[in-house]
Every structure is written in structure tokens, then in C-alpha cells.
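K.L.:
Residue numbering for the sequence shown follows the numbering used here, beginning at 75 and increasing consecutively.
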Amino acid sequence: MPVETTTSLGAFLKDRRTRMDPVALGFPAGRRRTPGLRREEVAQRANISPTWYTWLEQGRGGAPSADVLDRIAAGLMLTEPEREHLYMLGLGRPPEIRYQAVHGVSPRLQRVLDAFEVSPVIIKNATWDVIAWNRAAATVLTDYAQLPPDGRNILRLIFADGRVRAAQEDWARVARYVVGTFRADAVRAGASKEMERLVAELRQLSPEFEAMWLDNDVRATMDGVKRLHHPHLGVLELEFSTFAVEGRPELAMVVYNPATPADADRIRAFIAAQSP
Numbered sequence: 075m076p077v078e079t080t081t082s083l084g085a086f087l088k089d090r091r092t093r094m095d096p097v098a099l100g101f102p103a104g105r106r107r108t109p110g111l112r113r114e115e116v117a118q119r120a121n122i123s124p125t126w127y128t129w130l131e132q133g134r135g136g137a138p139s140a141d142v143l144d145r146i147a148a149g150l151m152l153t154e155p156e157r158e159h160l161y162m163l164g165l166g167r168p169p170e171i172r173y174q175a176v177h178g179v180s181p182r183l184q185r186v187l188d189a190f191e192v193s194p195v196i197i198k199n200a201t202w203d204v205i206a207w208n209r210a211a212a213t214v215l216t217d218y219a220q221l222p223p224d225g226r227n228i229l230r231l232i233f234a235d236g237r238v239r240a241a242q243e244d245w246a247r248v249a250r251y252v253v254g255t256f257r258a259d260a261v262r263a264g265a266s267k268e269m270e271r272l273v274a275e276l277r278q279l280s281p282e283f284e285a286m287w288l289d290n291d292v293r294a295t296m297d298g299v300k301r302l303h304h305p306h307l308g309v310l311e312l313e314f315s316t317f318a319v320e321g322r323p324e325l326a327m328v329v330y331n332p333a334t335p336a337d338a339d340r341i342r343a344f345i346a347a348q349s350p
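#1: Contact defined as beta carbons within less than 8 Å: I believe Val299 pairs with Glu311. What is the distance between those atoms, to the nearest angstrom?
#2: Pick helix, strand or coil for Trp129, following the three-state DSSP scheme.
#3: Give me the DSSP bridge partner(s) of Ile196.
#4: Answer with buried or exposed for Val77, where buried requires no fewer than 16 other C-beta atoms within 10 angstroms of its C-beta.
#5: Among residues of its own chain, excluding the 5 on either side of Ser280, which ones have a beta-carbon nearer than 8 Å to its beta-carbon?
#6: I believe Trp287 touches Arg277 by the beta-carbon criterion, under 8 Å. Please report the beta-carbon distance rounded to the nearest angstrom.
#7: Hey, out of Gly136, Phe190 and Ala336, whose CA is closest to Gly166's CA?
#8: On the premise that Thr201 lies in contact with Leu272, defined as a C-beta separation below 8 Å, what is that separation, rounded to the nearest angstrom?
#9: Where does Leu231 sit, in a helix, a strand or coil, going by DSSP?
#10: Does the Cβ of Lys267 have 16 or more other Cβ atoms within 10 Å, making it buried, or fewer, making it exposed?
#11: What is the C-beta distance between Phe101 and Leu87, in whole angstroms, given that I count them as a contact (C-beta under 8 Å)?
#12: Does the separation of the CB atoms of Leu253 and Asp217 fall below 9 Å?
#13: State the Cα-Cα distance for the pair Ile341 and Arg237, rounded to the nearest angstrom.
#14: Enumerate, from N- to C-terminal direction, the unbroken alpha helix (DSSP H) stretches of 4 or more residues contained entirely within the stretch 245–281.
#15: Since Ser315 is in the alpha helix (DSSP H), which residue starts that stretch and which ends it?
#16: Who are the Cβ neighbours of Ala249 in its own chain at under 6 Å, not counting the five residues just before and after it?
#17: Does DSSP classify Gly166 as helix, strand or coil?
#18: At which residues does the alpha helix (DSSP H) containing Gly84 begin and terminate?
#19: Given this structure, state the Cα-to-Cα distance separating Pro305 from Ala240, to the nearest angstrom.
#20: Quick one: using the 10 Å Cβ neighbour count with 16 as the cut-off for buried, is Arg230 buried or exposed?
#21: Compare the C-alpha of Asn199 against each of Arg182, Trp245 and Thr316 and name the closest.
#22: So, at 8 Å on beta carbons, what are the nonlocal neighbours of Tyr161 in its own chain, with the 5 sequence-adjacent residues on each side left out?
#23: Leaving out the 5 sequence neighbours to the left and right, which residues in its chain are closer than 6 Å to Ile196 when beta-carbon positions are compared?
#24: Would you mind giving the Cβ-Cβ distance between Leu150 and Arg90, rounded to the nearest angstrom? I have them listed as a contact below 8 Å.
#25: Keeping to the same chain, check which residues put their C-beta closer than 6 Å to that of Thr94; ignore five residues upstream and five downstream.
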């Protein structure tokens, strides 16, 4: 490993070690030459050899394993960005993706969704559960608030909800796109186990899903045009675009813009008519 890499790793570890509060972590305050934890205390929290940890800070001993870096990250209570930085310094690569299910978004992100007046916007996670939406989405797509959390999954809605199926102008094309894109998204986010559970359920639920899944189609998320048959607004044409959510690789934001001013006007008037 290049000298500058190990030196940077040691400096990063030392910096984070000196930020820790020993008393809050159950260590005696005593007389300490420097603030923060001692090296042997970090080693104890990480369950690794004090000698090995000392060598890492000093830039000796070679490259650490991923397991050692994870132990140190836990011992130093690193955030996920800090853990990734630790991997880049120690191994020259980011860590393997650890998928964590997400069930909501921050108020700030919700305000971004709400700023779209006539464009339906949703946030979906790696297994395509809709976890946030705006008023236009509830009006034009699905009123997700009326569904239980596990009923807000896009694949369940496409393959098991007759109303959602009837709203698609070309259901088979939409369903194939959803299956192929879902397969890629879930694996990319490290959600393979969660994907397997959902797939097993859907294969039992829908022979059409099973046939599409066995085709092994993989598709990239892309922009496009969606035509919906809305029960009150008639046929709507929406241009959709998918955006990554900064710092949240397991999330994606999908924006459906009305394709014409007439579509936008109809959505706006319908939303206004439903206002108290």
C-alpha cells in the first residue's frame, strides 16, 4: 500500500479517536495526555488486537481486511459516509452495499415533493415501496395514504390491483418495464434478500409476473411517456423522469410531468375542486 494512503488512514483514525468521549463510553476519565480514547480502548471496542490497531494508525502492518474496518467503524461510531471514507483509505474501494429498508423521508425532502403543484412525484426504495408522495400523486396515480404500508409496493399494485392495471394504456409493456427495472434496482442497492422474498410472493400471486420474471429481463431506469386512463380526468399523458436522491442510493425520485398544458390544467382544476 502506498505510504501516503496508510498515513492518511492513520491520521483519519487518530482524528476520529480523539473526538470520542471516554466517560460516555464507560471508560474512566483519569489523566489523559490527549483528548478522546486511547488506542487500546478503540481496539477493545473494535474487538481487535491493540498492537494491530496501533500499527494501522502508524501506517504499518499492511492492508486491513474489510472485517477489521467494519469493526473499527463500529468502535469509532462512524457515520456511513465516514465508514465509506475509511474503506477508501484502507482498501482503495468503497464497502459492499449494506441495504437498509427505508420507511420515510425527511421533512425537507417531503417539501421538495410538495413544491410540485400539478406533477405527481413519488419516492420509492430499492424494493419499489412508495415511501413518500405529493398531493398530485395521490390525485393522479394512487392515494397511497389509504393503503397499508405493504400495499404501497409498485409491483403489488401493477400485478394485483385491478384499478391500477386498468389505468395503464399498455399494461403488458408497463409490467415488463417494471419487472426488468426492479430487478436491476434491487440488486444494485444490495437488497437481494428482500427482493427474493417479494419475488416469491408475486410468483405465487401472479402467473404473468412469474412468466416475466423467468424471462430474466434487465432494464435500466430511463425517462419516458406514460399514458393513464384516469377515472375522472380521462386519458392523461405524463412524461416521467427518475432522479437519484443525494446521499440515499437506495432511494429514487420519480417525477411525472404533464405532457401538455391541457393535461396540467385538468390536473390543477381537479385538485382545486377537491380542496376543502
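All residues carry an ideal CB built from backbone N, CA and C; glycine is no exception. All values derive from a computational prediction rather than experimental measurement.
P.N.:
Concretely, from the data shown:
#1: Within the sequence shown, the letter at position 225 stands for residue 299. Within the sequence shown, the letter at position 237 stands for residue 311. In this structure, Val299 and Glu311 form a Cβ contact; the two beta carbons are roughly 6 Å apart against a cut-off of 8 Å.
#2: Taking the sequence shown and counting its residues from 1, the one referred to as residue 129 is at position 55. Secondary structure of Trp129 (DSSP, three-state): helix.
#3: Residue mapping note: residue 196 aligns to position 122 of the sequence shown, counting from 1. Residue pairing by DSSP puts Ile196 in a beta bridge opposite Trp207 and Val328.
#4: Mapped onto the sequence shown, residue 77 falls at position 3. Only weak support exists for where Val77 lies, its pLDDT of 37 falling under 50; the value from the coordinates is given anyway. Around the C-beta of Val77, fewer than 16 other C-beta atoms lie within 10 Å, and the residue is accordingly described as exposed.
#5: Within the sequence shown, numbered from 1, the residue matching residue 280 stands at position 206. Within the same chain, Ser280 has close Cβ partners Phe233 and Ala234.
#6: The count along the sequence shown starts at 1 and reaches residue 287 at position 213. The count along the sequence shown starts at 1 and reaches residue 277 at position 203. Beta-carbon to beta-carbon, Trp287 and Arg277 are separated by about 6 Å, close enough to satisfy the 8 Å threshold.
#7: Here the question's residue 166 lines up with position 92 in the sequence shown. Gly136 is the residue among Gly136, Phe190 and Ala336 whose C-alpha sits nearest the C-alpha of Gly166.
#8: Position 198 of the sequence shown, counted from the first residue, corresponds to residue 272. Position 127 of the sequence shown, counted from the first residue, corresponds to residue 201. The C-beta distance from Leu272 to Thr201 rounds to 6 Å, short enough to fall under 8 Å.
#9: The residue you call residue 231 lines up with position 157 of the sequence shown. In the three-state scheme derived from DSSP, where H, G and I count as helix and E and B as strand, Leu231 is classed as helix.
#10: For the purposes of this step, residue 267 is taken as residue 193 along the sequence shown, with counting starting at 1. Result: exposed.
#11: In the sequence shown, the residue the question calls residue 101 occupies position 27. In the sequence shown, the residue the question calls residue 87 occupies position 13. Rounded, the Cβ-Cβ distance is 17 Å, inconsistent with contact.
#12: Within the sequence shown, the letter at position 179 stands for residue 253. Within the sequence shown, the letter at position 143 stands for residue 217. As written in the sequence, residue 253 is Val, which differs from the Leu given in the question. If you check the CB distance, Val253 and Asp217 do not come in under 9 Å.
#13: Numbered from 1 along the sequence shown, position 267 holds the residue referred to as residue 341. Numbered from 1 along the sequence shown, position 163 holds the residue referred to as residue 237. Per the coordinates, the alpha-carbon of Ile341 lies some 19 Å from the alpha-carbon of Arg237.
#14: Listed in chain order, they are 245–262 and 266–279.
#15: Translated into positions along the sequence shown, residue 315 becomes position 241. Counted as a single uninterrupted DSSP element, the stretch harbouring Ser315 is not any alpha helix (DSSP H) but the beta strand (DSSP E) occupying residues Gly308 to Val319.
#16: As a working mapping, residue 249 is identified with position 175 in the sequence shown. These residues qualify, in order along the chain: Ile232.
#17: Counted from its first residue, the sequence shown places residue 166 at position 92. In the structure shown, Gly166 sits in coil (DSSP, three-state: anything other than H, G, I, E or B).
#18: Start at 1 with the first residue of the sequence shown, and residue 84 comes out as number 10. Where Gly84 is concerned, the enclosing alpha helix (DSSP H) stretches over Val77 to Thr92.
#19: One-based indexing of the sequence shown puts residue 305 at position 231. One-based indexing of the sequence shown puts residue 240 at position 166. Each residue's Cα considered, the two are about 10 Å apart.
#20: Translated into positions along the sequence shown, residue 230 becomes position 156. By the 10 Å Cβ count, Arg230 comes out buried.
#21: Translated into positions along the sequence shown, residue 199 becomes position 125. Asn199 has its Cα closest to that of Thr316, out of Arg182, Trp245 and Thr316.
#22: As a first step, residue 161 must be located in the sequence shown, where it is residue number 87. If we look at Tyr161 and ignore the five residues flanking it on each side, its Cβ neighbours are Ala140, Leu143, Arg167, Pro168 and Pro169.
#23: Position 122 of the sequence shown, counted from the first residue, corresponds to residue 196. Take Ile196, set aside five residues on each side of it, and the residues of its chain with a beta-carbon closer than 6 Å to its own are Val204, Trp207, Ala211 and Val328, in chain order.
#24: Taking the sequence shown and counting its residues from 1, the one referred to as residue 150 is at position 76. Taking the sequence shown and counting its residues from 1, the one referred to as residue 90 is at position 16. Contact flag correct, Cβ pair sits at about 5 Å.
#25: Locating residue 94 in the sequence shown gives position 20, counting from the first residue. For the sequence presented, residue 94 should be read as Met rather than Thr. Excluding sequence neighbours, Met94 sits near Gly110 and Leu111.
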